[in-house]
Amino acid sequence: MEKPFIPEGHKFRLSRRAAQLSFKIILSALAALVLLLAVAVYILPFIVNPNDFKPEITAAVKDKTGRELVLDGDLKLSLLPWIGVSTGKLSLSNAPGFQDRPFATLEESDIKVRLLPLLSKKLEVSRIVLKGLTLNLAKNRQGVSNWDDLTAKTAASAAVAGKQDEQPASAPTPMTFSVDGLTIENARINWDDLKSETHIKIQDFNLNTDKFTFDQPVAVSTSMTVLTEGSKSTQAIKFNTELSVNEKLDAFTLRQSNLQITSAGESIPGKSITATLSAADAALDMNRQTANINGVKLISGDVALAAEITATSIKDKPSFQGPVTIAPFSPAKVMQQLAIALPAMQDANALSKLAANFDLTATGNSADLQNLGITLDDTQINGAIHIKDFAQAMISFDLNIDALDAGRYLPVADKSSKPIASPAIALAAGISALPVETLRKLNADGSVALGKLKINGLSMQDIRMSLSSKNGVFTSQQSVKQLYQGSYSGNLSVDAHGDKPALAVTEKVEHVQIEPLLKDYKGSAPIGGIVNASAQLRGQGRKPDELEASLNGQLSFLFKDGVIKGFNLQKIIDQGKALIKGSALPSDSKNDQTLFSEMSGTATVANGLIQNNDLVAKSSRLRVDGKGNLNLVSEALDYKIDAKLLDPDAAEPDKIKGAVAINIEGTLDKPSYTIDVASLLTDKNKAKVEKLINKIDKKIGPGLGDLLKGLLKK
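Under the numbering used here, think of the first position of the sequence shown as 30, with each following residue one higher.
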């Protein structure tokens, strides 16, 4: 049967009508679907109550975590344009074995997901809001935390999921993710670490972020207040940054980061101090275990630190490297700003400048400072410091100092009343003043070299010092190659095992010019010459007075080409002779002095008392013997000198022309000299005096004669 003939124009009109009909059908279907969906969205919240599913929700949480979830508040459901849920108050129970209080509580939360983008595998979350969150974090004495069970269950679930992923399957289309922002308001975190006995409270924790999308910067700001139990201070912390995170959550970038910490309280110097740590940018790659932090700045008051830091092995064994610079500042001014009393020093301009720079290499338990450069006022210090173990305070160092005027930083003292302290004794006094517990824990080993050192007017050059402290025993070896045309060497040992540090000192000076040394120290020099001396001493105590009172040991000394100014033994002998003969006395002179070619002796030290019994001094016309003692604590003197004047014209050598005995009493600061009158008498004159006394006895009585005889024996 033949098909009816249809003209071409009619065919075109029929096709267009069919297309229009099909389009109308599709539009009608879509309209019906949208209408149905709108009706469902509108009606569903009225016919479906999410609170009816509370038992199923709590049961699911119990099954997955083993914890009890309590939903005290109402659950509210919304569908368009977001599908979401809002909660009232809820709480999650704590882990077994921990305090009987919730692990977490929440006053209110709100989270929504855009519905239509889910059809395109796009997860778009509205701003997440958490209000009144409280976390009670804890760790018991065995080091187990109250969230370990949660992380363990999560890891187990991930392992099961991993095994399922091993099955051959087509790769799913990745889902994109974005969050319009996160808000946490008025949160609290309580941290109780029973193992380290640390208890910290974080209050007023607030966090706000902008819209979050992977690989896009998001602004983050947070603030909190930290309180540590037992501390009388609080820390107010603010942090702002721009954070970028990749989809694998293993690469992070921070830009324009700023951390501000303000510590306040009665125990804080000045009652408040603020420090700001900022970084231009930081990149963290967890896959490569690397981090780079550029433009680091730490500022607190006038103190400013800058650094560029690179980190490696950040998960396995973190290590940080980079240059660090501390800009010049005035320590004295900073101390004043912090209301710290500045000690009285000999130089009012001391501590006016401090700056440093070094290359840092640090781990979690060590720090190495290489290429160290420190400027302290006019002093330059270079070298290296290595802290091997923070926990055990293991420190090694190698420092070089160009020139140091240590006296600038010492309190003003009356030099005239204090004897010169040797380097070892001065170091011992400083070490002994430290707490015994500190000395026992100190574990150090290093050396210090000084080009020039000035202390209390004394000048010395080319100083070397080696220090070692381990297991409560401190030792040092020190030397001065240029000490007033001579040299010095010494050793010190301090044992801190007892209640009071016990010290042992060995010292030696050779060919030292004593006159310029005394002039620099006291401003005047009553004695001159070249001295060689040595000392071996032991003692114990925390304070200089205790050390001096406990000193025991031996001393020896030898003076050559010596002079005692303001004291002329030969004139004293001549005056005595003239007095006996009735002749005119020689006139005094401010330039009086006693010369001797050699003076030597030894001494014992017992409980701070120096006893010398063998002083010998010689010159062409004098022979001097001496003995007596000096109390180091009271500085009291009790000494006697027997001087003999030789006759240079006598045929017999060492023939005595005259003699005198001098008693020295008082103190080192104010000695007093008295002449033993009887020592001025010759045997011939003594006989005459005795006859005269006998005559007086016969006329007046024996009392006066005995008195005169007693005076002559003095």
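Every residue gets a Cβ at the ideal spot worked out from N, C-alpha and C, and that includes glycine.
Quick one: using the 10 Å Cβ neighbour count with 16 as the cut-off for buried, is residue i buried or exposed?
i: proline 530; result: buried
i: arginine 96; result: buried
i: alanine 308; result: buried
i: glutamine 569; result: buried
i: leucine 278; result: exposed
i: glycine 412; result: buried
i: isoleucine 593; result: buried
i: glutamine 507; result: buried
i: aspartate 418; result: exposed
i: valine 441; result: exposed
i: lysine 673; result: buried
i: glycine 369; result: The displayed chain sequence assigns isoleucine, not glycine, to residue 369. The residue in question, isoleucine 369, is exposed, as its Cβ has fewer than 16 Cβ neighbours within 10 Å.
i: alanine 91; result: A small fix is needed here, since residue 91 is lysine in this sequence, not alanine. The residue in question, lysine 91, is exposed, as its Cβ has fewer than 16 Cβ neighbours within 10 Å.
Taking only the alpha-carbon atoms, compute the straight-line gap between residue i and residue j and give it to the nearest angstrom.
i: leucine 512; j: lysine 647; result: 26 Å
i: leucine 740; j: tyrosine 702; result: Interpretation of leucine 740 is limited by its pLDDT of 42, a score under 50 that renders its predicted location unreliable; the figure taken from the coordinates is listed afterwards. Their Cα atoms are separated by approximately 16 Å.
i: threonine 242; j: leucine 211; result: 12 Å
i: serine 488; j: aspartate 549; result: 8 Å
i: threonine 623; j: alanine 422; result: 56 Å
i: threonine 263; j: glutamine 640; result: 60 Å
i: lysine 537; j: tyrosine 517; result: 6 Å
i: serine 381; j: threonine 319; result: 40 Å
i: lysine 358; j: proline 452; result: Looking at the sequence provided, one finds phenylalanine at residue 358 rather than lysine. Their Cα atoms are separated by approximately 31 Å.
i: alanine 335; j: leucine 100; result: 50 Å
i: leucine 371; j: proline 573; result: 23 Å
i: alanine 379; j: alanine 356; result: 18 Å
i: proline 352; j: alanine 333; result: 14 Å
i: glycine 402; j: aspartate 388; result: 10 Å
i: serine 107; j: methionine 253; result: 33 Å
i: valine 363; j: glycine 330; result: 7 Å
i: valine 249; j: threonine 134; result: 24 Å
i: glutamine 583; j: threonine 633; result: 5 Å
Please report the Cβ distance between residue i and residue j, rounded to the nearest whole angstrom; I am assuming they are in contact, meaning their Cβ atoms lie under 8 Å.
i: valine 560; j: valine 534; result: Actually they do not touch by this definition, with Cβ atoms about 18 Å apart.
i: asparagine 175; j: phenylalanine 132; result: 6 Å
i: isoleucine 414; j: leucine 398; result: 5 Å
i: serine 629; j: leucine 580; result: That belief does not hold up - the Cβ atoms of serine 629 and leucine 580 are roughly 22 Å apart, past 8 Å.
i: glycine 821; j: leucine 644; result: Look at the range of the chain in this structure, 30 to 743, and you will see that residue 821 is not part of it.
i: alanine 564; j: valine 662; result: Actually they do not touch by this definition, with Cβ atoms about 17 Å apart.
i: serine 495; j: leucine 456; result: That pair is no contact at about 12 Å.
i: isoleucine 430; j: alanine 473; result: About 17 Å; that fails the 8 Å criterion.
i: threonine 303; j: glutamine 289; result: 7 Å
Three-state secondary structure (DSSP) at residue i?
i: leucine 433; result: strand
i: proline 84; result: helix
i: tyrosine 513; result: coil
i: arginine 130; result: coil
i: leucine 106; result: strand
i: glutamate 214; result: strand
i: leucine 697; result: coil
i: glutamate 22; result: Absent from the model: residue 22. The displayed extent of the chain is 30 to 743, so no value can be given.
i: valine 662; result: coil
i: lysine 382; result: coil
i: alanine 377; result: coil
i: lysine 93; result: helix
i: glutamate 276; result: coil
i: leucine 546; result: helix
i: lysine 300; result: helix
i: leucine 580; result: coil
i: glutamate 575; result: helix
i: valine 68; result: Since pLDDT at valine 68 reaches only 48, below the 50 mark, its modelled position is unreliable, and the value read off the structure follows with that caveat. Reduced to three states, the DSSP call for valine 68 is helix.
i: aspartate 388; result: strand
i: threonine 163; result: strand
i: aspartate 667; result: strand
i: leucine 751; result: Shown here, the chain extends from 30 to 743; a query on residue 751 therefore has no answer.
i: alanine 688; result: strand
Kindly examine the ligand SAM and report whether one of its heavy atoms sits closer than 6 Å to the Cβ of residue i.
i: glutamine 511; result: With respect to the ligand SAM, the structure shown offers nothing to examine, as it has no ligands at all.
Kindly identify the DSSP beta-bridge partner or partners of residue i.
i: methionine 364; result: DSSP output for methionine 364 lists no bridge partner at all.
i: glycine 412; result: Leu401, Leu428
i: methionine 315; result: DSSP output for methionine 315 lists no bridge partner at all.
i: histidine 228; result: Asp221
i: glycine 527; result: In the DSSP output, where bridge partners are listed per residue, glycine 527 has none listed.
i: proline 79; result: The partner list for proline 79 (beta bridge, DSSP) is empty, contrary to what the question assumes.
i: valine 249; result: Thr238, Thr270
i: proline 357; result: Proline 357 is not bridged to any residue.
i: phenylalanine 349; result: Ala340, Ala391
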